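Taking it in order: structure first as structure tokens, then the write-up.
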DNA sequence: CATTATTATATTGTGCGCAATATATTATCT
DNA sequence: AGATAATATATTGCGCACAATATAATAATG
């Protein structure tokens, strides 16, 4: 009985890496890692956002985001500026090429679905359960669309 | 439509990390990381195993496993020995304390379920879909029980 | 039997992910 | 206003993941 739930956690862990591995060759073409791609997706939705807001959305802390965002800045995809009214917060803004990269990224998810040989229905089923468990166990800020 | 499947991948990625974060305080008590715990679980099932066999089961390569296994060896939980009949392969054997650690680890999954506030049914549902997608997209060596 | 190819693991380098800590700024409270 | 607390980000250190490469041993071939 105990083993069974272990396998559930492991299956999730393995599948998560498997999907990212399918993203990799496609993201390589636009010189992004999967976490960098996620950060840009959040910014494509709503912009500018603070590091804190990005972190809540992605469930990542500044120890992860700061270097990641610096790499995106080096690639001239975003700009990091301290808010003049509160010098503690760093606001992330997309550059023109950062905005334009969205067009190249749009087709990636379909290609991943094809390369993984999975259907929209399977993905939806998985997403719904995953989001339900995220809401139960964590703060549940996934479907919150915190794009104030 | 494209956003939807992105969120499926992200939900999985976020949930995977969330679960591991729930494991962390429990695994801290027995001085293990989650990947180290997984490696030991495979060894508790079947022992000894080569690095290659462990890697297939965990879907991890030697670049990840070699340092991980060296840490487990430093903790006196396993022993790494080169097979005399073929000096290329490294066989992993549990030490006595490595075997005994299973007892302390047995109760962890139930505690994780409780701390995440999820049911066995939800986990099973998730595991079944995840394993199905893993089989479709990858080599599908999850339910293979490759414990020769 | 020597050469080549294959196999198994190790090494190196990059980028997360997260805990712990540090730093700097702003808000709060006498 | 000055001391204290709270907030937002940055830094450091460790352990994965994975690609690329290296090393060593075995198998296959002529």
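Residue numbers (my numbering), protein chains in the order written: chain V, 462 to 609; chain A, 462 to 609. All residues carry an ideal CB built from backbone N, CA and C; glycine is no exception. On a predicted model such as this, the values are computed, not experimentally measured, just so you know.
Residue-level contact to chain V via CB, residue i, 7 Å cutoff
i              : result
residue 517(A) : no
residue 590(A) : yes
residue 480(A) : yes
residue 507(A) : no
residue 570(A) : yes
residue 520(A) : yes
residue 523(A) : no
residue 503(A) : no
Extent of the continuous alpha helix (DSSP H) to which residue i belongs
i              : result
residue 584(V) : 581-598
residue 527(V) : 523-535
residue 569(A) : 569-577
Within-7 Å CB hit, residue i to chain A
i              : result
residue 564(V) : no
residue 597(V) : yes
residue 606(V) : At residue 606(V) the pLDDT is 36, less than 50, meaning the model places this residue with poor confidence; the figure from the coordinates comes in the next sentence. Not one chain A Cβ lies under 7 Å of residue 606(V).
residue 475(V) : yes
First and last residue of the uninterrupted beta strand (DSSP E) at residue i
i              : result
residue 554(V) : 547-555
Sheet register partners of residue i (DSSP bridge)
i              : result
residue 510(A) : 553(A)
residue 541(V) : 553(V)
Residue environment, residue i, which counts as buried when at least 16 other CB atoms sit within 10 Å
i              : result
residue 543(A) : exposed
residue 557(A) : exposed
residue 507(A) : exposed
residue 589(V) : exposed
residue 582(V) : exposed
residue 546(V) : exposed
residue 601(A) : Bear in mind that the predicted position of residue 601(A) carries a pLDDT of just 41, short of 50, making it too unreliable to give a figure here.
residue 571(V) : exposed
Rounded Cβ spacing between residue i and residue j (contact assumed at less than 8 Å)
i              : j              : result
residue 530(V) : residue 541(V) : 6 Å
residue 538(A) : residue 501(A) : 7 Å
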